[in-house]
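Protein chains in written order, with this note's numbering: chain A, 1 to 603; chain B, 1001 to 1209.
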């Protein structure tokens, strides 16, 4: 609904869940934004929609001259558009509110300029209404830092191509707004006129509110500068994440994950990275690989589901041979690889062979590489290709591999770099070559639960390996068991092996929950320093809350709010005494410890 | 490479010799003589002398350092020649001399004194100007050299390759190649014989004096 009161020079737009009033009597002012269901005013005072700064002088939208107002309330979409002019610098601007699907409104700010001598000036923009946005006690969930760790950095491992919304949420009643901004520039932000990226990249709320963001107005025609889609929330972060996830996925083709021939990978959770030049798998006495020895050792870990047989690096480059020739030179050559893959399958284990993109020579082309890879798979019957250092795979490889040998899973070392690759690559590693990996939820784990990505950090030792296990438990993922890092033997301890074995048991026993399509990362908790994720089966009958205490102190008392029907449960990981009291999970979490509470729902 | 040698590089005091060390790496011609006279045949012949035509080297490579031989093949030759391979530290002393030179000829690299980037192997005597203080030749670039050492750390068996080679793979993930100073050794994880034979690895012999 659009209400244009020309006498008052205001325009109000509403859709039943939110209500905007814009006042154009003196420039343009955002007079109110109401959250209809809660009845809350989301602006603590009438606010500037934007402010512009050029050569030190500040020009708020309320000081622009309104030259035109367009209101259309009878069509779909409804539009309220205001054309503004900053006469000091001849900067023109259009501010539009446009109704959209799913009870949304999009705020679009477009700008253009006629610069003196046709030489663009640096102009800086900030969103004035962010100051005083949200009722007292509300908090921001920033796209680049939805929930901070104790050190202030993001507790979510994010992804360049899937920008979380920016949310403002009143914690007790969970009312709020989710602001979705599309980042059209992705990896190359510097020369875009659209500056959504600047708002998306803010990692603290003061920067979101106060920072001046450089915009590039290079010519007179209006260019999109900021585009924010507003959604009203009634159930806080959980709703914001769920709805955003649904919209992201609805624009993608995820059929690859449904292919029956690739389904085997979904539960291939514990992967062994097998350095071939090691007693782990190589028998120096007879000069052959000893698969049984390797897999027998894996029993201590609960068993390996797959192995990546790694034999190129660091040998490759010792002479002019290419990686394809090494397949023939390793013990028993290509026939040996075929036998090894068959023997592994007979024990329920899948085999991946690596592809090294850095070993490309002048006489190779994409076509010849694909041909070599397809030939290798056809000759060895291996189950998958592991793409070293890669985050994308060409479509043509997928097509030709399917034609020659269906069922071959592609797994990249790095998480898929873009939406397109996410559609093609059904597995990757959650690889973290750093120490501070907890508390962290990995965004892709929750956005694409069907994408299997075991956690790994190959140079971690001691407590670092403990943390690696905690990350897997906290996020409900498998692990890469990598003990021989190119000749540096860094095994898991007996205790760590037992932990992994126990974790695998829990993961598989509760697979209906962990494989559910709607896990929630960074589920709200009552205590700073306490982090949680929620996993739920698709039939809604089972749920597990993983909790992590990132502080140095015991956290005791009410921990988080359970769902209405969750009135009982059991802690799976440490046998801790967690109770349900008045719909709240109650108990104690030791410092730096993970707990897993499996809730029991009652009808 | 990612990670490193995982080896104790000292300092430690070593006593070298007295030994005689070959002036040149063993050539294809010499290796052919060895096979002819000894009847040597490796248990696994994968990649064994794969650059030869039939059972002999072509004449144009006869004086090149023999490659596509494993450490075991090299040790068999050395035994036949009444010697052994030099230990890692012996090789370094023979190259660096009593002055501890960084390169066999001195402390500054010179591309005129070694086969530093191919495009193929060269005869062992081509770079006499690159000899060490002891007159030992072709110790930098051209072909890497096996040493006598075979180490076992409980999980791996490995040795070292010395001197670098003419070949350098195009990417930094490729094995360290090119000519290398006397202080450098390349850790070489051993696998099967066929896979241990390379197109850039040769050897020379020592004999106790």
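Beta carbons are placed, not taken as given, at the ideal position from N, Cα and C, and that holds for glycine.
Residues that residue 557 of chain A bridges to, as DSSP identifies them: Locating residue 557 of chain A in the first chain gives position 557, where the first residue counts as 1. A/587.
Enclosing beta strand (DSSP E) for residue 408 of chain A [first to last residue]: For the purposes of this step, residue 408 of chain A is taken as the residue at position 408 of the first chain. Per DSSP, residue 408 of chain A belongs to no beta strand (DSSP E) and is neither H nor E.
N- and C-terminal bounds of the alpha helix (DSSP H) containing residue 206 of chain A: For this step, residue 206 of chain A is matched to residue 206 along the first chain. Run containing residue 206 of chain A: 205-210, per the alpha helix (DSSP H) assignment.
Minimum Cβ-Cβ distance from residue 1166 of chain B to chain A less than 8 Å: To locate residue 1166 of chain B, count along the second chain from 1; it is residue 166. Not one chain A Cβ lies under 8 Å of residue 1166 of chain B.
Cβ separation of residue 454 of chain A and residue 429 of chain A, assumed to be a contact under 8 Å, to the nearest whole Å: Here residue 454 of chain A corresponds to residue number 454 of the first chain, with the count starting at 1. Here residue 429 of chain A corresponds to residue number 429 of the first chain, with the count starting at 1. 6 Å between Cβ atoms; contact.
CB contact below 8 Å: residue 407 of chain A versus chain B: As a working mapping, residue 407 of chain A is identified with position 407 in the first chain. False, the Cβ-Cβ gap to chain B never drops below 8 Å.
Local conformation of residue 140 of chain A per DSSP, three classes: Numbered from its first residue, the first chain carries residue 140 of chain A at position 140. Looking at residue 140 of chain A - three-state DSSP - the assignment turns out to be strand.
Nearest-angstrom beta carbon gap, residue 379 of chain A and residue 408 of chain A [assumed within contact, 8 Å]: Position 408 of the first chain holds residue 408 of chain A. Position 379 of the first chain holds residue 379 of chain A. Their Cβ separation, rounded to whole angstroms, is 13 Å, which puts residue 408 of chain A and residue 379 of chain A out of contact at 8 Å.
Rounded straight-line distance, which links the Cα of residue 336 of chain A to that of residue 506 of chain A: For this step, residue 506 of chain A is matched to residue 506 along the first chain. For this step, residue 336 of chain A is matched to residue 336 along the first chain. One C-alpha to the other measures close to 35 Å.
Whole-angstrom C-beta distance between residue 138 of chain A and residue 166 of chain A, which should lie under 8 Å: For the purposes of this step, residue 166 of chain A is taken as the residue at position 166 of the first chain. For the purposes of this step, residue 138 of chain A is taken as the residue at position 138 of the first chain. Between residue 138 of chain A and residue 166 of chain A the Cβ distance is about 13 Å, and since that is not below 8 Å, they are no contact.
At least three beta-carbon pairs within less than 8 Å, the region 353-361 of chain A to the region 387-395 of chain A: yes
Contact set between residue 46 of chain A and chain B, taken where Cβ atoms lie within less than 9 Å: As a position in the first chain, residue 46 of chain A is number 46, starting the count at 1. Correct list: empty, because the minimum Cβ distance to chain B is about 58 Å.
Alpha-carbon to alpha-carbon, residue 33 of chain A and residue 1 of chain A: Translated into the one-based positions of the first chain, residue 1 of chain A becomes position 1. Translated into the one-based positions of the first chain, residue 33 of chain A becomes position 33. Looking at the two C-alpha atoms, the distance is approximately 14 Å.
Near-chain A residues of the region 1155-1183 of chain B - C-beta to any C-beta below 9 Å: 1155, 1156, 1157, 1158, 1161, 1165, 1167, 1168, 1169, 1170, 1171, 1172, 1173, 1174, 1175, 1176 and 1177
Residue 495 of chain A - DSSP class collapsed to helix/strand/coil: For the purposes of this step, residue 495 of chain A is taken as residue 495 along the first chain, with counting starting at 1. Of the three classes helix, strand and coil, the one that applies to residue 495 of chain A here is helix, per DSSP.
Residue 472 of chain A, buried or exposed, once every other Cβ within 10 Å from all chains shown has been counted against 16: Here residue 472 of chain A refers to the residue found at position 472 when the first chain is read from its first residue. So residue 472 of chain A ends up on the buried side.
Span of the beta strand (DSSP E) around residue 109 of chain A: Position 109 of the first chain, counted from the first residue, corresponds to residue 109 of chain A. Where residue 109 of chain A is concerned, the enclosing beta strand (DSSP E) stretches over 104-113.
CB contact flag (residue 114 of chain A, residue 51 of chain A, <8 Å): By one-based count along the first chain, residue 114 of chain A stands at place 114. By one-based count along the first chain, residue 51 of chain A stands at place 51. No, they are not a contact pair.
CA-to-CA distance, residue 41 of chain A to residue 178 of chain A, given in whole angstroms: Indexing the first chain from 1 puts residue 178 of chain A at position 178. Indexing the first chain from 1 puts residue 41 of chain A at position 41. Taking the straight line from one Cα to the other gives about 15 Å.
Euclidean distance between Cα positions of residue 475 of chain A and residue 583 of chain A: What you label residue 475 of chain A is simply residue 475 of the first chain in a count that begins at 1. What you label residue 583 of chain A is simply residue 583 of the first chain in a count that begins at 1. Those two C-alpha atoms are separated by around 24 Å.
Per-residue contacts from residue 335 of chain A into chain B (C-beta, under 7 Å): Taking the first chain and counting its residues from 1, the one referred to as residue 335 of chain A is at position 335. Ordered by position in chain B, no residue passes the 7 Å Cβ test against residue 335 of chain A, which lies about 12 Å from the chain.
Within 8 Å of chain B by C-beta, residues of the region 479-512 of chain A in sequence order: 484, 485, 486, 487, 488 and 489
Unbroken alpha helix (DSSP H) run spanning residue 605 of chain A, endpoints: An answer regarding residue 605 of chain A cannot be provided, because it is not within the stretch 1 to 603 covered by chain A.
Residue 483 of chain A, buried or exposed, once every other Cβ within 10 Å from all chains shown has been counted against 16: Counting from 1 along the first chain, the entry for residue 483 of chain A is found at position 483. When all chains shown are included, residue 483 of chain A counts as buried.
Sequence-distant residues of the same chain with beta carbon closer than 7 Å to residue 1027 of chain B, five excluded per side: Start at 1 with the first residue of the second chain, and residue 1027 of chain B comes out as number 27. For residue 1027 of chain B, where only same-chain residues beyond five positions count, the Cβ hits under 7 Å are 1062, 1063, 1064, 1065, 1066 and 1124.
Backbone CA spacing between residue 532 of chain A and residue 440 of chain A [nearest angstrom]: Position 532 of the first chain, counted from the start, is the residue given in the question as residue 532 of chain A. Position 440 of the first chain, counted from the start, is the residue given in the question as residue 440 of chain A. Rounded to whole angstroms, residue 532 of chain A to residue 440 of chain A spans 10 Å at the Cα level.
C-beta contact flag for residue 24 of chain A and residue 66 of chain A at 8 Å: Position 24 of the first chain, counted from the first residue, corresponds to residue 24 of chain A. Position 66 of the first chain, counted from the first residue, corresponds to residue 66 of chain A. Yes, the Cβ-Cβ distance between residue 24 of chain A and residue 66 of chain A is below 8 Å.
Same chain, Cβ closer than 6 Å to residue 9 of chain A, five either side skipped, listed in chain order: Within the first chain, residue 9 of chain A is the residue found at index 9, counting from 1. So the qualifying residues of the chain are 24 and 25.
Coil, strand or helix - residue 1186 of chain B by DSSP: Numbered from 1 along the second chain, position 186 holds the residue referred to as residue 1186 of chain B. Of the three classes helix, strand and coil, the one that applies to residue 1186 of chain B here is strand, per DSSP.
Status (buried if at least 16 other CB within 10 Å, exposed otherwise) for residue 1183 of chain B: Taking the second chain and counting its residues from 1, the one referred to as residue 1183 of chain B is at position 183. So residue 1183 of chain B ends up on the exposed side.
Those runs of the alpha helix (DSSP H) which lie wholly inside the region 472-534 of chain A and span at least 4 residues: 494-509 and 511-514
Within chain B, partners of residue 316 of chain A - CB distance below 8 Å: In the first chain, counting from the first residue as 1, residue 316 of chain A sits at position 316. Those within 8 Å of residue 316 of chain A in chain B are 1169, 1173, 1174 and 1175.
Bridge partners - residue 270 of chain A, DSSP secondary structure assignment: Along the first chain, one-based indexing puts residue 270 of chain A at 270. DSSP, once it has assigned bridges, lists no residue as partnering residue 270 of chain A.
Contact residues within the region 70-89 of chain A, judged by C-beta distance below 7 Å to chain B: none
Complete runs of the alpha helix (DSSP H) confined to the region 231-315 of chain A [at least 4 residues]: 236-250 and 291-298
Expected contact under 8 Å - CB spacing of residue 1003 of chain B and residue 98 of chain A to nearest Å: To locate residue 1003 of chain B, count along the second chain from 1; it is residue 3. To locate residue 98 of chain A, count along the first chain from 1; it is residue 98. In fact, because the Cβ distance is near 56 Å, the residues do not count as touching under 8 Å.
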